[in-house]
Amino acid sequence: MPYIKKKNKTAKGQGLTFMELLIVSALVGVVALAIYGLLSTGLRIWETIQKPLPGEDINIFLDRFQSDLKNCFLFEGIDFSGAQESLAFATFVPSRRLKKETVGQALYYYDANNKALMRELGDFSDVYSGDEGSLKQDLKKVESVKFRYYTFDELTKRYIWLEEWLTPEVLPQAVRLELEIGGIDGGVFTKTVSLLVADF
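The opening residue of the sequence shown carries number 13 in the working numbering; numbering runs sequentially from there.
Laid out in structure tokens, this is it:
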């Protein structure tokens, strides 16, 4: 009987060769590295976005200062009083009791013990009863604070900057806030806000 060569179907069709195993292993490694690279890059981007920008809190605080002063007006019972390290005036504030904006007082003062510039807002009932304001915010790492008040001097017939505001029945032409901030974000920051109400 002649020798007949038969193909072994089971051995060739069901298994993988060594070369195929190497190719699959290499592809799995490349895919794993690509996924790891994408995840690590995504995490670095997320961490960068979550970091506060240098000076971000300073700019927000100064914008709120400007907004409060732009809404400043004369109001009986709430005097405009200004010193070198503090400032109080009537403005519109959010009221906890009324659940809307109402007449109140904005108070800015320097807390030397905590090295912070404080912002305190209270509605008229807080001011009338002598209670502390309902909304408090602070700016930390403040080394020094100087408020200045711009007005026309009748004696010299010139505009001057004063260190104290002694006439509560009249608003100054402008208010300047000079901050010296310590730390990494440190430096000297100045914000000058002109009071349009004072022109009338």
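The beta carbon of each residue, even a glycine, is placed where N, CA and C say it ideally should be.
- Below 8 Å, too few C-beta pairs join the region 169-182 and the region 134-147 to call them touching: fewer than three.
- Residue burial annotation: SER37 is exposed, with fewer than 16 other C-beta atoms found within 10 angstroms of its C-beta.
- Positions of the alpha helix (DSSP H) runs, each at least 4 residues long and wholly inside the region 88-150, are given as 136-141 in order along the chain.
- Taking GLY195 as the centre and dropping the five residues before and after it, the same chain places the C-beta of LYS153 closer than 7 Å to its C-beta, in chain order.
- Ranked by Cα distance from GLY67, the options LEU207, VAL205, LEU208, PHE201 are led by PHE201.
- The C-beta separation of PHE159 from ALA95 comes to about 7 Å, placing the pair in contact by the 8 Å criterion.
- Here GLN62 is exposed. Its C-beta has fewer than 16 other C-beta atoms within 10 Å.
- In terms of Cα proximity to LEU65, the closest of GLY198, SER206, LYS203 is GLY198.
- In terms of Cβ geometry, LYS82 and VAL205 form a close pair [threshold 8 Å].
- If you check the CB distance, PRO180 and TYR161 do not come in under 8 Å.
- GLU68 carries a helical assignment under DSSP once its states are collapsed to helix, strand and coil.
- For GLU155, the enclosing beta strand (DSSP E) starts and ends at 154-165.
- By the CB criterion at 8 Å, SER146 and ARG108 fall inside the cutoff.
- Rounded to whole angstroms, ALA128 and GLN117 show a C-alpha spacing of 19 Å.
- Per DSSP, reduced to three states, the secondary structure at GLU175 is coil, with no helix or strand assignment.
- Of the residues SER156, GLY41, TYR171, the one whose Cα lies closest to the Cα of THR163 is TYR171.
- Distances from the alpha-carbon of VAL182 to those of LEU151, PHE104, PHE85 put PHE85 closest.
- Under the three-state reduction of DSSP output, LYS169 falls in the coil class, being neither helix nor strand.
- In this structure LYS203 is in contact with PHE77, their Cβ atoms being roughly 6 Å apart against a cut-off of 8 Å.
- Going by DSSP, VAL205 is part of no alpha helix (DSSP H) but of the beta strand (DSSP E) stretching over 199-206.
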